[in-house]
Structure formats: C-alpha cells, structure tokens
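Enquirer: Residue numbers (my numbering): 16 to 282. C-beta: ideal position from N, C-alpha, C; glycine also. Before I ask anything, let me first share the structure, which is written out below as structure tokens.
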Ligand SMILES: Nc1ncnc2c1ncn2[C@@H]1O[C@H](COP(=O)(O)OP(=O)(O)O)[C@@H](O)[C@H]1O
Ligand SMILES: [Mg+2]
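Next up, the structure:
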C-alpha cells in the first residue's frame, strides 16, 4: 500500500512510536504528506510548527482518532495501522491530553480521574479511587480531590486531565498544546508536572509552542510545516541553531512575536 511495507524489523519493537510514510487528507486538503519519525522509549519529543501544519492530525493518527490514508504507525511494537489491530488495547497504552481539558462538569476531580478506570479497565471503586488519589497527588492536587471543575483554575483542570490520563497506566503520553488555553500565570504549573513526568522516564510526544520547555525538557524537536517534517534534531540545537530557513522564520515568530510583527527580513 505504501511501498514501505517491509517485514517488521526487530528494531521497531523497542520503539515507543514509529511512523513511516504517513499520509492523511481531508477531501482535497492533503494535511500529512509523508511523515517519518520515531520516539524511543523514555524519550521526550516536541513537535513544533505553524498553525495548520498538521500537528494535531499527526497526534490523532497515532491513536487512530484519525485513520491514516497511507503509511504505518507502530506504538510500543503494535502496528496501529495493521488490519488486525485491537485499537482499544492500543489506546489503553496511550494517554492523551488536549488543549481543552474535557472534564465532566458534574464530577469531582476524583470522579473525573476514576470513571474511565472503572468503565474501560473494569477496576473496582476502591482501587480506582486509590489510583486516582495517587495521580492527583502526583500533579499537585491532593487537596482538590473533592473539587468540581468549575471550582478549579484552568491550570488545575489541565492537571486533573493529566492525572486522568496517567491513572490508566499509559506507556506513552501525547500532549496537544496542553498549555495554550491557559492564562500565562497558570502555564508554569502544568509544564512543571510535565517536566516531572519526563524526569520520571515517561515517553512523551508533545505539541507545544513553549520553546523554553522544549529546549530544557525535550530530547529532540521535530519541526513540521506543510505536512512534512522539515527538520528534526537535538532540542538545544534545533531551537538555537536550526538548519532550515523555514524553521528560523517560525522560531523567530514564536520566540519574539513583537519583533516578528515589526519588521520583515530581519535577523
Ligand atoms: N477533521 C477534519 N476535517 C477536515 N479538515 C481538517 C480536520 N482536522 C484538521 N483539518 C485540517 O487539516 C489541517 C491541519 O490541521 P491540524 O492538524 O489541526 O494542524 P495544527 O494542529 O498544526 O494546527 C488544517 O487545514 C485543518 O483545517
Ligand atoms: Mg493543533
């Protein structure tokens, strides 16, 4: 189907995420135009790129919220795009955190972190609540277990959403611009939780515009533009000394929006 369907290689089995030749169109809009990249176990990879470049679609193809048109996606050795995939089993290994937290408004923080454990994993109430409390504690919300979403700040709600994902015991965490809906003063707490996860060895694929986070926490940065990987490399090098002009232009806008508005053709 893709020209890339060579037999599975042993090396793939060890990788958290392996993407080859991934293509996805919506009607005539070709959004992903042949994506290749991987995430090693324990690695933190940040995906950066302009709005509309396909970052969310890429993440959504990893857990089949979108069905790829071509190419292969493997997650912890299982081919997500294969004909016999048990997608529910794969999704249980992948935690996802979105820009919008999507908490149930009528459930407390504890209830929000408990419900999928009970319905999807079949855990009994006591065990689900024990695991929920552990994970709420891990994101710094031990004192908010009984609070409803409306009683929590955006940053606290996002941390509940992270706890909810962690409570399922994922092997890989996907984050799609987790801080971009937050007031600036609330961003740091969420990034701090993510940094802690990274330090604890969680495998993470993170779409973000937070370049200081990418530089300090990511192992690698992938720059996506126009549905292709323009370049990728070690985080520090990608952000301070990218190889491609398109990456430079993008970074100059993200790192210094005011300067980007003032003059074109600068630096
Ligand atoms: N479900 C969808 N149906 C139609 N078009 C979509 C859908 N999802 C995304 N797109 C289009 O795909 C392109 C890339 O979107 P997206 O992956 O959200 O980019 P990014 O996250 O980088 O901003 C955009 O042109 C967007 O309008
Ligand atoms: Mg997006």
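(1) Would residue 232 and residue 215 be called neighbours here (beta carbons separated by less than 8 Å)?
(2) What residue does the beta strand (DSSP E) around residue 218 start on, and which one ends it?
(3) Please report how far the alpha carbon of residue 68 lies from the alpha carbon of residue 44, in whole angstroms.
(4) Closest to residue 242 by C-alpha separation, out of 33, 178, 70, would be which residue?
(5) Report whether the distance from the Cβ of residue 287 to the nearest heavy atom of ligand 2 is below 7 Å.
(6) Looking at residue 198 and ligand 2, is the gap between the Cβ and the nearest heavy atom below 7 Å?
(7) Taking all protein chains shown into account, decide if residue 235 is buried (16 or more other Cβ within 10 angstroms of its Cβ) or exposed.
(8) Can you say whether residue 35 is buried or exposed, counting buried as having 16 or more other CB atoms within 10 angstroms of its CB?
(9) Cβ of residue 191 versus every heavy atom of ligand 2: is any distance shorter than 7 Å?
(10) Can you have a look at residue 25 and say buried or exposed, based on whether 16 or more other CB atoms are within 10 angstroms of its CB?
(11) By Cβ distance below 7 Å, which residues in the same chain neighbour residue 271 in space, the five residues on each side in sequence not counted?
(12) As a quick exercise: from 230, 199, 246, 240, pick the residue whose alpha carbon is nearest that of residue 254.
(13) Assess contact between the stretch 87-106 and the stretch 164-178, defined as three or more Cβ pairs (one per stretch) separated by less than 8 Å. Is contact present?
(14) Starting from residue 165 and walking both ways along the alpha helix (DSSP H), at which residues does that stretch end?
(15) Within 10 angstroms of the Cβ of residue 102, are there 16 or more other Cβ atoms? Answer buried if so, exposed if not.
(16) Tell me which same chain residues have a C-beta within less than 6 Å of the C-beta of residue 188, skipping the five on either side of it?
(17) Rounded to a whole number of angstroms, what is the C-alpha to C-alpha distance between residue 116 and residue 193?
(18) Please state the DSSP three-state secondary structure of residue 239.
(19) Going by C-alpha to C-alpha distance, which of 107, 151, 57 sits closest to residue 93?
(20) Could you name the residues of the same chain whose beta carbon sits closer than 7 Å to that of residue 75, not counting the 5 residues immediately before and after it, in chain order?
(21) Suppose you measure from the CA of residue 259 to the CA of residue 196; what does that come to, to the nearest Å?
(22) Between residue 284 and ligand 1, is the CB less than 7 Å from at least one heavy atom?
(23) Measure the C-alpha to C-alpha separation of residue 52 and residue 72 and round it to an integer number of angstroms.
(24) Tell me the DSSP secondary structure of residue 189 in three-state form.
(25) Only counting the same chain, and skipping five residues up and downstream in sequence, which positions put a Cβ closer than 7 Å to that of residue 118?
(26) Output yes or no for whether 8 Å exceeds the beta carbon distance between residue 147 and residue 125.
Expert: Judging by the given coordinates:
(1) no
(2) Its beta strand (DSSP E) spans residues 218-222.
(3) Distance between the alpha carbons of residue 68 and residue 44: 11 Å.
(4) 70
(5) The shown model of the chain, from 16 to 282, leaves out residue 287, and the question about it has no answer.
(6) no
(7) buried
(8) buried
(9) At least one heavy atom of ligand 2 lies closer than 7 Å to the C-beta of residue 191.
(10) In this prediction, residue 25 scores a pLDDT of 42, lower than 50, which makes its location untrustworthy; the coordinate-derived value is nonetheless stated afterwards. Residue environment analysis places residue 25 among the exposed positions, since fewer than 16 neighbouring C-beta atoms fall within 10 angstroms of its C-beta.
(11) Answer for residue 271: no residue qualifies.
(12) With respect to the C-alpha of residue 254, the residue from 230, 199, 246, 240 having the closest C-alpha is 230.
(13) In short, these stretches do not touch, since the Cβ pair count stays below three.
(14) It is not in any alpha helix (DSSP H) - residue 165 carries neither H nor E in the DSSP assignment.
(15) exposed
(16) Counting only Cβ-Cβ distances below 6 Å, and skipping sequence neighbours, we find 110, 217, 219.
(17) C-alpha separation (whole angstroms): 8 Å.
(18) strand
(19) 107
(20) 81
(21) Rounded to whole angstroms, the separation of the alpha carbons of residue 196 and residue 259 is 29 Å.
(22) Residue numbering for the chain in the displayed model covers 16 to 282; residue 284 lies beyond these limits and cannot be assessed.
(23) In a straight line, the C-alpha of residue 52 is about 15 Å away from that of residue 72.
(24) strand
(25) 127, 164, 172, 175, 176
(26) yes
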